[in-house]
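**Q** Below is the structure I would like to discuss, written out as structure tokens.
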Amino acid sequence: MKIFRTEQVKYIDAYTIQNEPIASIDLMERAAHALFGWFRNRFHNNRKVIIFCGPGNNGGDGLALARMLLNVGYNVHTYYLSSKSYSEDFNTNLVRLKEASSSIYMINSPKDFPKIEPDDIIVDALFGSGLSRPIEGLAADLISSINSSNALVVAIDIPSGLFGEENSVPNSNPVVRASYCLSLQFPKIAFFMSENEEYVKDWRTLPIGLHPDAIEQTPSPYFYTTLSDISTNLLNQSKFAHKGSFGHVLIMAGSYSMMGAACLCSKASIRSGVGLATLYIPKCGYEIAQTAVPEALALTDSNDTHLTNYPDLNKFSAICVGPGMGQDTETASMIRSLIKNSTKPLVIDADGLNLISKNIDLLQELKAPAILTPHPGEFDRLFGKSSSSWEQLQKAISMAQRYGVIIVLKGAYTRVVLPNGEVHFNSTGNSGMATGGSGDVLSGVIAGLLARGLEPKDAAIIGVFVHGLAGDLAADDFGKVSLCATDILNYICKAFQHLTKK
Ligand SMILES: NC(=O)C1=CN([C@@H]2O[C@H](COP(=O)(O)OP(=O)(O)OC[C@H]3O[C@@H](n4cnc5c(N)ncnc54)[C@H](OP(=O)(O)O)[C@@H]3O)[C@@H](O)[C@H]2O)[C@H](O)CC1
Ligand SMILES: [K+]
1 MKIFRTEQVK YIDAYTIQNE PIASIDLMER AAHALFGWFR NRFHNNRKVI IFCGPGNNGG
61 DGLALARMLL NVGYNVHTYY LSSKSYSEDF NTNLVRLKEA SSSIYMINSP KDFPKIEPDD
121 IIVDALFGSG LSRPIEGLAA DLISSINSSN ALVVAIDIPS GLFGEENSVP NSNPVVRASY
181 CLSLQFPKIA FFMSENEEYV KDWRTLPIGL HPDAIEQTPS PYFYTTLSDI STNLLNQSKF
241 AHKGSFGHVL IMAGSYSMMG AACLCSKASI RSGVGLATLY IPKCGYEIAQ TAVPEALALT
301 DSNDTHLTNY PDLNKFSAIC VGPGMGQDTE TASMIRSLIK NSTKPLVIDA DGLNLISKNI
361 DLLQELKAPA ILTPHPGEFD RLFGKSSSSW EQLQKAISMA QRYGVIIVLK GAYTRVVLPN
421 GEVHFNSTGN SGMATGGSGD VLSGVIAGLL ARGLEPKDAA IIGVFVHGLA GDLAADDFGK
481 VSLCATDILN YICKAFQHLT KK
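In structure tokens form, the structure reads like this:
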């Protein structure tokens with residue numbers, strides 16, 4: 001799903017109004033219907049609903065929602081901020097609401113704030129995508145009052161006070177802390193930034209039928225990967241396939257005391273459908289590899305405890321290097337040589353990245369496509385610290401462009417950043433996956449898909465999606481607290497099944 005900056009949504013909105021065509025007030029009615037449908041499914045009408053409206057169309061949505069809820073028997077109290085001017089659709093909806101309700105109040109000062117009981121439901125329709133500056137004065141006081149109540153808060157489109165993309169960190173502006181956010185048609189990029197978690201605890205998008213031509217024509221580098229975006233054709237298997245049809249992956253991983261990473265990674269590549277996997281390991285890992293991963297061929301380095309060399313690369317279709325590899329100087333010179341000489345696509349993870357971070361310009365010497373899979377700490381070691389997730393994302397974009405690599409920046413909503421500047425935020429995964437070995441499984445999945453012949457971009461995007469989905473399916477059965485990397489690995493099959501059955 002392509003996603004947009006808030007100012008672009010305004011354009012898509014205007015295009016829809018002009019070309020569907022639909023009157024602006026009717027588009028607002030459609031949005032309010034979507035909000036109403038969600039609200040009615042979730043909350044019984046025995047709870048008091050307090051709707052706070054601002055002067056723009058976000059407030060207009062709130063007024064229209066108030067009317068719809070009143071019509072089916074909810075106990076709704078609507079408050080709107082006094083303002084020098086209101087949007088046209090706000091005014092129309094205020095008139096419509098006044099015909100249906102007498103519980104409408106203008107807020108002129110803090111004395112007009114209602115008392116909020118813990119069982120009340122608050123709807124935040126103060127400011128949406130039209131927020132143009134930090135909120136001050138009366139509206140800021142109202143936000144503090146909302147935030148200090150213990151009531152559940154449903155924000156329309158975006159929690160008021162939050163900008164759709166970049167926000168200051170720490171955020172010293174008043175922002176509504178929403179329990180739910182109902183974003184119209186698209187998620188906001190700000191939802192993917194960890195600093196905003198306290199404002200956006202749970203969000204979902206509600207389709208409002210914006211014009212597909214405008215969505216297609218409006219350029220955006222940002223995407224949100226959902227199930228329907230995954231092209232399962234790429235995973236088709238011919239009836240006449242044999243093991244040679246699905247590539248041969250080389251996993252270069254492990255060192256003394258870190259053979260688990262090598263095993264997880266290679267098993268994950270095998271579970272991702274690669275035809276053959278060779279595990280290249282230091283001597284100490286031979287029996288472990290042969291026992292733990294019987295499906296893989298095991299090749300050993302001349303060294304006992306860490307990797308110092310790599311095998312002939314000719315027969316392999318993709319290489320994964322790094323998991324549990326350690327950072328010995330001999331391993332460092334091995335990876336330098338691998339980067340300079342490999343013509344096979346590479347997945348570089350963990351210690352592979354740590355070693356590169358000591359000499360980042362090595363990336364300029366890559367001969368083959370490369371996918372880097374850093375977690376935020378590894379990313380900072382590679383490219384320097386950032387003061388916010390937004391800044392980190394912009395840095396990832398410029399580094400992916402500079403070095404022509406794919407960067408998979410791991411975390412909630414893992415970002416797959418492409419050399420052309422595109423960013424694909426992932427929708428699967430959960431906090432239970434923040435556990436040792438989870439990254440080794442991911443690099444194995446991506447390497448397996450890459451070796452099967454998927455384009456690096458598809459291997460990265462699908463690999464990240466499948467890994468997150470496996471974690472979600474595993475968490476459904478085991479819960480997030482106990483989830484471990486082996487569980488994720490064991491659910492990769494279910495995740496692929498889920499995808500190919502869709
Ligand atoms: N996505 C869609 O296609 C649809 C969205 N809808 C809803 O419309 C809002 C956006 O409405 P808009 O009127 O553009 O913007 P807002 O309601 O967010 O607010 C605009 C008014 O607020 C003033 N403003 C902005 N920032 C502040 C501030 N910090 N303090 C005080 N006042 C502020 C602004 O004044 P300016 O001086 O900046 O002009 C405006 O008066 C979207 O979020 C959806 O909820 C449609 O209903 C359906 C289609
Ligand atoms: K809002």
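Just so we're aligned, residue 1 is where the sequence shown starts under full-length UniProt numbering, counting upward by one. We put the CB at the ideal spot given by N, CA and C, even for glycine.
Mind checking whether isoleucine 146 and valine 123 have CB atoms under 8 Å apart?
**A** Residue numbering aside, residue 146 sits at position 146 when the sequence shown is read from its first letter. Residue numbering aside, residue 123 sits at position 123 when the sequence shown is read from its first letter. The answer is no: Cβ separation not under 8 Å.
**Q** Start and end of the beta strand (DSSP E) containing arginine 40?
**A** Position 40 of the sequence shown, counted from the first residue, corresponds to residue 40. Per DSSP, arginine 40 belongs to no beta strand (DSSP E); it is in the alpha helix (DSSP H), 24-42.
**Q** Can you tell me where the alpha helix (DSSP H) holding valine 9 begins and where it ends?
**A** Residue 9 sits at position 9 when you count from the first residue of the sequence shown. It spans 6-19 - the alpha helix (DSSP H) in which valine 9 sits, taken as one unbroken run.
**Q** What is the DSSP secondary structure of serine 389, reduced to helix, strand or coil?
**A** As a first step, residue 389 is located in the sequence shown; it is residue number 389 there, counting from the start. Helix.
**Q** CB alanine 125 to CB asparagine 41, shorter than 8 Å?
**A** Along the sequence shown, one-based indexing puts residue 125 at 125. Along the sequence shown, one-based indexing puts residue 41 at 41. By the CB criterion at 8 Å, alanine 125 and asparagine 41 fall outside the cutoff.
**Q** Check whether the Cβ atoms of lysine 457 and leucine 418 sit closer than 8 Å, and answer yes or no.
**A** Within the sequence shown, numbered from 1, the residue matching residue 457 stands at position 457. Within the sequence shown, numbered from 1, the residue matching residue 418 stands at position 418. Yes, the pair counts as a contact, with Cβ atoms nearer than the cut-off.
**Q** How should alanine 241 be labelled, buried or exposed, when 16 other C-beta atoms within 10 angstroms of its C-beta is the threshold for buried?
**A** Counting from 1 along the sequence shown, the entry for residue 241 is found at position 241. The residue is exposed, with fewer than 16 neighbouring Cβ atoms inside 10 Å.
**Q** Spatial neighbours of valine 76 within its chain, please: C-beta separation below 6 Å, excluding the five flanking residues on both sides.
**A** Here residue 76 refers to the residue found at position 76 when the sequence shown is read from its first residue. Residues Val49, Ala66, Leu69, Leu70 of the same chain have their beta carbon placed closer than 6 Å to that of valine 76, with the five preceding and five following residues left out of the count.
**Q** From the DSSP output, in three-state form, read off arginine 415 for me.
**A** Here the question's residue 415 lines up with position 415 in the sequence shown. Three-state DSSP puts arginine 415 in a strand.
**Q** Quick check on DSSP: helix, strand or coil for aspartate 301?
**A** The residue given as residue 301 occupies position 301 in the sequence shown. Residue state, collapsed to three classes: coil.
**Q** Between which two residues does the alpha helix (DSSP H) containing phenylalanine 465 stretch?
**A** As a position in the sequence shown, residue 465 is number 465, starting the count at 1. Taken as a continuous stretch (DSSP letters only), the alpha helix (DSSP H) holding phenylalanine 465 covers 456-478.
**Q** I think glycine 352 touches isoleucine 371, with their Cβ atoms under 8 Å apart; what is that distance to the nearest whole Å?
**A** Position 352 of the sequence shown holds residue 352. Position 371 of the sequence shown holds residue 371. Glycine 352 to isoleucine 371, Cβ: 11 Å. No contact.
**Q** Which residue marks the beginning of the beta strand (DSSP E) containing histidine 248, and which one marks its end?
**A** Numbered from its first residue, the sequence shown carries residue 248 at position 248. Start and end: 248-252.
**Q** Any heavy atom of ligand 3 closer than 7 Å to the Cβ of alanine 23?
**A** Ligand 3 is absent from the structure shown, which contains only ligand 1 and ligand 2.
**Q** Select from Ile121, Ala100, Asn303, Gly247 the residue whose C-alpha is nearest the C-alpha of alanine 178.
**A** Taking the first residue of the sequence shown as 1, we reach residue 178 at position 178. Among Ile121, Ala100, Asn303, Gly247, the Cα nearest to that of alanine 178 belongs to Ile121.
**Q** Please say whether alanine 495 and alanine 470 have beta carbons closer to each other than 8 Å?
**A** By 1-based counting over the sequence shown, the position of residue 470 is 470. By 1-based counting over the sequence shown, the position of residue 495 is 495. Cβ distance < 8 Å, so alanine 470 and alanine 495 count as in contact.
**Q** Is it right to say residue 504 is buried, meaning 16 or more other beta carbons lie within 10 angstroms of its own, or is it exposed?
**A** This structure cannot settle anything about residue 504, because the visible part of the chain is limited to 1 through 502.
**Q** Looking at the structure shown, is phenylalanine 223 part of a helix, part of a strand, or coil, going by DSSP?
**A** Numbered from its first residue, the sequence shown carries residue 223 at position 223. Strand at phenylalanine 223.
**Q** Would you check if the region 305-316 and the region 271-286 touch, i.e. whether three or more CB-CB distances between them fall below 8 Å?
**A** yes
**Q** Below 8 Å on the Cβ atoms is my contact criterion, and I expect glutamate 29 with histidine 211 to pass it. Report the Cβ-Cβ distance as a whole number of Å.
**A** If you number the sequence shown from 1, residue 29 lands on position 29. If you number the sequence shown from 1, residue 211 lands on position 211. Wrong, their Cβ atoms sit about 17 Å apart, outside the cutoff.
**Q** I want to check one thing, is the minimum distance from the CB of asparagine 58 to the heavy atoms of ligand 1 below 7 Å?
**A** As a working mapping, residue 58 is identified with position 58 in the sequence shown. At least one heavy atom of ligand 1 is nearer than 7 Å to the Cβ of asparagine 58, so yes.
**Q** As an exercise, report each continuous alpha helix (DSSP H) stretch of at least 4 residues that is fully enclosed by the region 252-337, in chain order.
**A** Within the region 252-337, the complete alpha helix (DSSP H) segments of 4 residues or longer fall at 259-271, 286-292, listed in chain order.
**Q** Start and end of the alpha helix (DSSP H) containing aspartate 351?
**A** Taking the sequence shown and counting its residues from 1, one reaches residue 351 at position 351. Here the alpha helix (DSSP H) through aspartate 351 covers 350-356.
**Q** Output needed for serine 317: all residues of its chain with C-beta closer than 6 Å, excluding positions within five of it in sequence on either side, in chain order.
**A** Taking the first residue of the sequence shown as position 1, residue 317 is located at position 317. Excluding residues within five positions, the ones whose Cβ falls inside 6 Å are Gly247, His248, Ala451.
**Q** According to DSSP, is lysine 188 helix, strand or coil?
**A** Residue 188 sits at position 188 when you count from the first residue of the sequence shown. Residue state, collapsed to three classes: coil.
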